[in-house]
Amino acid sequence: MTSVLISLSSFGAAETGRHGQLWCAQLARAAGADSVEVRGELLRDAATELPPMAGLASVYSSPEGLWAEGGWLDSAALKRGIAAATTLGAQRLKMSIGAFGPGSHGSLWGLKVQLAETRVELVIENDQTVAAGSLPAMLAFFDAADRAGLDLGMTFDMGNWHWLGECPLRAAEALARRVRYVHCKGVQRLPAKWVAVPLADSVAPWRAVLRALPGDVPRAIEYPLVGDDLMAVTRDQVALLRSL
Amino acid sequence: MTSVLISLSSFGAAETGRHGQLWCAQLARAAGADSVEVRGELLRDAATELPPMAGLASVYSSPEGLWAEGGWLDSAALKRGIAAATTLGAQRLKMSIGAFGPGSHGSLWGLKVQLAETRVELVIENDQTVAAGSLPAMLAFFDAADRAGLDLGMTFDMGNWHWLGECPLRAAEALARRVRYVHCKGVQRLPAKWVAVPLADSVAPWRAVLRALPGDVPRAIEYPLVGDDLMAVTRDQVALLRSL
Amino acid sequence: MTSVLISLSSFGAAETGRHGQLWCAQLARAAGADSVEVRGELLRDAATELPPMAGLASVYSSPEGLWAEGGWLDSAALKRGIAAATTLGAQRLKMSIGAFGPGSHGSLWGLKVQLAETRVELVIENDQTVAAGSLPAMLAFFDAADRAGLDLGMTFDMGNWHWLGECPLRAAEALARRVRYVHCKGVQRLPAKWVAVPLADSVAPWRAVLRALPGDVPRAIEYPLVGDDLMAVTRDQVALLRSL
Chain E
1 MTSVLISLSS
11 FGAAETGRHG
21 QLWCAQLARA
31 AGADSVEVRG
41 ELLRDAATEL
51 PPMAGLASVY
61 SSPEGLWAEG
71 GWLDSAALKR
81 GIAAATTLGA
91 QRLKMSIGAF
101 GPGSHGSLWG
111 LKVQLAETRV
121 ELVIENDQTV
131 AAGSLPAMLA
141 FFDAADRAGL
151 DLGMTFDMGN
161 WHWLGECPLR
171 AAEALARRVR
181 YVHCKGVQRL
191 PAKWVAVPLA
201 DSVAPWRAVL
211 RALPGDVPRA
221 IEYPLVGDDL
231 MAVTRDQVAL
241 LRSL
Chain F
1 MTSVLISLSS
11 FGAAETGRHG
21 QLWCAQLARA
31 AGADSVEVRG
41 ELLRDAATEL
51 PPMAGLASVY
61 SSPEGLWAEG
71 GWLDSAALKR
81 GIAAATTLGA
91 QRLKMSIGAF
101 GPGSHGSLWG
111 LKVQLAETRV
121 ELVIENDQTV
131 AAGSLPAMLA
141 FFDAADRAGL
151 DLGMTFDMGN
161 WHWLGECPLR
171 AAEALARRVR
181 YVHCKGVQRL
191 PAKWVAVPLA
201 DSVAPWRAVL
211 RALPGDVPRA
221 IEYPLVGDDL
231 MAVTRDQVAL
241 LRSL
Chain A
1 MTSVLISLSS
11 FGAAETGRHG
21 QLWCAQLARA
31 AGADSVEVRG
41 ELLRDAATEL
51 PPMAGLASVY
61 SSPEGLWAEG
71 GWLDSAALKR
81 GIAAATTLGA
91 QRLKMSIGAF
101 GPGSHGSLWG
111 LKVQLAETRV
121 ELVIENDQTV
131 AAGSLPAMLA
141 FFDAADRAGL
151 DLGMTFDMGN
161 WHWLGECPLR
171 AAEALARRVR
181 YVHCKGVQRL
191 PAKWVAVPLA
201 DSVAPWRAVL
211 RALPGDVPRA
221 IEYPLVGDDL
231 MAVTRDQVAL
241 LRSL
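Chains as they are written, first to last, in the numbering used here: chain E, 1 to 244; chain F, 1 to 244; chain A, 1 to 244.
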């Protein structure tokens with residue numbers, strides 16, 4: 001059965017700041033989620049916050065790009081991500097490719113070496129930037145990774161494509177065989193910006209997108225979970241995702 | 001030439017309640033519609049309301065699902081639908097599959113027997129529920145019907161797919177060969193819900209969807225017809241649909 | 001490299017009326033555009049306004065349809081368009097097909113003769129009317145032009161498809177081989193109408209649409225350029241288009 005996760009960013013910066021990600025992770029588990037994704041950008045002090053969450057999370061999300069400005073591999077960022085995932089006992093580290101470009105191909109060998117030294121699995125996410133989220137950028141990256149003999153999987157974020165003017169259904173079809181983890185996110189358009197919403201409120205053809213992706217990979221909620229009864233809201237959304 | 005119908009629900013519950021469906025049917029015909037679809041859920045007293053509409057309607061829409069909770073065939077509901085269509089002299093009965101599921105396959109033989117006893121043609125509509133409106137549900141149902149030797153056609157509702165996060169264009173392509181009747185419905189998204197609007201106001205690629213469907217099947221207006229001069233509004237919308 | 005143009009209608013009727021298209025063309029060039037498209041409908045006096053713009057524009061946009069009501073070729077309108085383009089020294093004349101219909105096929109030979117007498121290249125644009133902007137209309141026209149031995153290219157307007165309920169991505173795929181010029185236009189839907197917006201604010205999958213089109217043809221901005229610092233706004237939008 002597909003496992004259902006919650007990206008802890010779904011609880012919002014205010015809530016995670018007030019209660020900490022451990023509290024949110026426990027709420028997520030109590031609401032029926034199989035596991036959670038811990039967010040690096042919402043940690044105030046990784047050294048004290050990560051160890052107590054050991055065993056609760058299966059994914060650590062790093063806010064750092066894997067390639068830095070200029071196109072060089074940010075080995076230190078990768079190392080920090082692997083260390084955090086290891087502390088959590090999380091199998092997976094999620095990162096975006098950052099400023100990966102044509103000049104970065106050589107560094108894929110360095111990445112390969114570094115990944116061979118850990119049991120943490122790196123999964124690459126499409127974010128909301130042209131360089132690390134548009135379809136040509138993702139295809140070019142995975143193609144280069146293939147040629148370097150790197151077997152990398154993808155975190156497919158269903159919603160981010162809209163921020164870039166990409167068609168999520170076409171993207172799903174083009175990338176399906178890479179996908180090992182899905183970020184579920186509905187979208188609506190305000191006059192000035194896209195916003196993330198629950199799947200059921202999305203203007204996107206989200207069922208068709210989900211069907212175009214592998215059905216047996218973990219799926220995470222990554223849209224705002226808010227409400228007077230946060231536990232009930234979370235339980236409902238987990239149940240919805242599980243029912244798909 | 002494609003015939004143009006009006007689903008009488010287009011006039012709204014208030015208007016049909018005030019004037020009755022007979023009055024609405026007469027207005028529809030006067031406005032140029034070839035026929036109408038009578039709505040079961042808007043009848044207050046079928047026994048007195050249906051007979052006077054005999055000859056005016058070519059479709060009767062039943063509000064009941066063909067399979068009830070638990071997945072058993074609701075033969076009584078089907079019987080009621082056939083009876084209403086017969087009273088109207090309507091060739092077609094429109095129903096959704098309700099709670100049809102994997103356990104319902106055996107009952108398709110009973111449906112076949114029951115349909116063999118009437119000249120009324122059953123057409124299955126995609127509604128706004130996952131069980132009776134999502135693409136996998138429709139494909140699974142028609143596949144099972146095929147295997148049971150049932151030659152069932154579909155009422156393709158252009159708008160309902162949006163309520164479910166399905167892509168209407170992909171759905172049209174997947175189901176085109178089943179389609180014998182089209183419910184024309186534009187859609188717009190409000191923050192909290194989808195709403196039905198005239199085709200010309202739709203955010204959907206409605207011309208592309210219509211083109212993906214058979215061009216020689218009846219098409220019905222199923223979006224709000226409102227305005228100070230209801231006859232003029234109706235005449236315009238009928239003319240638009242006829243011009244496509 | 002793809003050249004970047006600005007359709008001068010992007011500055012709005014008020015601004016072009018106040019300052020004239022020459023002023024706008026100069027601003028466009030100063031902001032980094034390679035060239036501009038002069039708009040016939042925004043000229044008050046072509047005889048005095050066009051000559052000073054000679055050398056600044058590579059496209060002249062005629063507001064007249066190439067075929068008039070009734071389906072006859074409007075040779076005079078074509079002549080006026082060619083004359084304006086010639087005065088400007090513009091290589092291209094952009095027109096829509098107007099009321100071209102099945103009865104117009106014979107007149108394609110007349111068009112062929114008329115085009116043989118000029119070095120100005122006619123490019124046909126999809127507009128916001130059913131007759132001259134829907135996908136079947138465009139395909140039927142180009143098919144007829146082919147059969148008449150006319151090698152006509154297309155101005156693909158990315159946004160206009162939405163006004164007609166067409167899918168821009170499907171249209172791009174169907175017409176890509178015809179396209180010699182692209183009008184870049186984002187869209188948003190207000191309750192009562194579609195509006196043109198910058199690409200980055202579009203609800204459409206504009207990157208996917210652009211990718212489906214030839215990458216080596218000129219692209220023009222055709223969405224509102226407004227702001228306190230019009231030069232800065234224009235420079236930014238030109239730079240964005242150039243970066244694609």
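Every residue, glycine too, gets a C-beta built ideally from N, C-alpha and C.
Per-residue burial, F:Pro102 [other beta carbons within 10 Å of its own, 16 or more giving buried]: exposed
Residue environment, F:Lys79, which counts as buried when at least 16 other CB atoms sit within 10 Å: exposed
Contacting positions in the segment 175-202 of chain F - beta carbon closer than 8 angstroms to chain E: Arg189, Pro191 and Ala192
F:Ala144 to F:His105 span [Cα, whole Å]: 7 angstroms
Per-residue contacts from A:Trp206 into chain E (C-beta, under 7 angstroms): Gly165
F:Met154 classed as buried or exposed, judged by whether at least 16 other C-beta atoms fall within 10 angstroms: Answer is buried; the Cβ neighbour count reaches 16.
Residues, ordered as in the chain, of the segment 125-156 of chain A that lie near chain E by beta-carbon distance below 8 angstroms: none
Below-9 angstroms beta-carbon distance, A:Arg242 vs any chain E residue: no
Whole-Å CB distance - A:Leu244 paired with A:Ala208, under 8 angstroms assumed: Going by Cβ atoms, the distance from A:Leu244 to A:Ala208 rounds to 12 angstroms, so no, they are not a contact pair.
Ordered list of alpha helix (DSSP H) runs contained in the segment 37-114 of chain A, each at least 4 residues: Runs found: 46-49 and 75-88.
Presumed contact (8 angstroms Cβ cut-off) between F:Ala54 and F:Val36, rounded CB distance: Not really, about 12 angstroms apart at Cβ, beyond 8 angstroms.
Close-in-space but distant-in-sequence residues of the same chain around E:Gly110 (CB under 8 angstroms, 5 per side omitted): Leu73 and Ser75
Cα-Cα separation between F:Phe156 and E:Thr2, rounded to whole angstroms: 31 angstroms
Sub-9 angstroms separation of E:Val113 and E:Ala85 beta-carbons: no
Interface residues of chain E facing F:Arg211 [CB-CB closer than 8 angstroms]: Under a criterion of Cβ atoms nearer than 8 angstroms, no residue of chain E is adjacent to F:Arg211; the nearest Cβ is some 18 angstroms distant.
Exposed unless 16 or more other CB atoms sit within 10 angstroms - verdict on F:Val226: exposed
Assigned secondary structure, E:Glu117 (DSSP; H/G/I helix, E/B strand, else coil): coil
CB contact check: F:Leu169 to chain A, cutoff 9 angstroms: yes
Euclidean distance between Cα positions of A:Gln21 and E:Trp161: 37 angstroms
A:Ser134 (DSSP reduced to helix, strand or coil): coil
Helix, strand or coil at E:Ser35 according to DSSP, with G and I counted as helix: strand
Beta-carbon proximity check, E:Val179 vs E:Val187, cutoff 9 angstroms: no
Inter-residue spacing [alpha-carbon to alpha-carbon] between E:Ala31 and F:Ala30: Going by C-alpha positions, E:Ala31 is about 57 angstroms away from F:Ala30.
Beta bridge counterpart(s) of A:Phe156 as assigned by DSSP: A:Val182
Separation of F:Gly70 from E:Met231, as counted between CA atoms: 30 angstroms
Cβ-based neighbour list, A:Gln128, same chain, cut-off 8 angstroms, excluding 5 preceding and 5 following: Asn160, Trp163 and Leu164
Contact with chain F by A:Trp109, beta-carbon distance below 9 angstroms: Taking 9 angstroms as the CB threshold, A:Trp109 stays off the interface with chain F.
Residue-chain proximity (A:Trp161, chain F), Cβ-Cβ < 9 angstroms: yes
Backbone secondary structure at F:Leu122 - three-state DSSP: strand
Where the beta strand (DSSP E) containing F:Arg177 begins and where it ends: Segment: none, F:Arg177 is in no beta strand (DSSP E) and carries neither H nor E.
Member of E:Arg235, E:Leu190 and E:His183 whose CA lies at the smallest distance from the CA of E:Tyr223: Answer by Cα proximity: E:His183.
Per-residue DSSP class, three states only, for E:Gln237: helix
Option nearest F:Glu173 by Cα separation, candidates F:Arg211, F:Arg119 and F:Ala116: F:Arg211
Bridge-paired residues (DSSP) for F:Ala245: Given a span of 1 to 244 for chain F in the structure shown, any question on residue 245 of chain F remains unanswerable.
Exposure label - F:Lys185; buried when at least 16 CB within 10 Å: Per the 10 Å Cβ criterion, buried.
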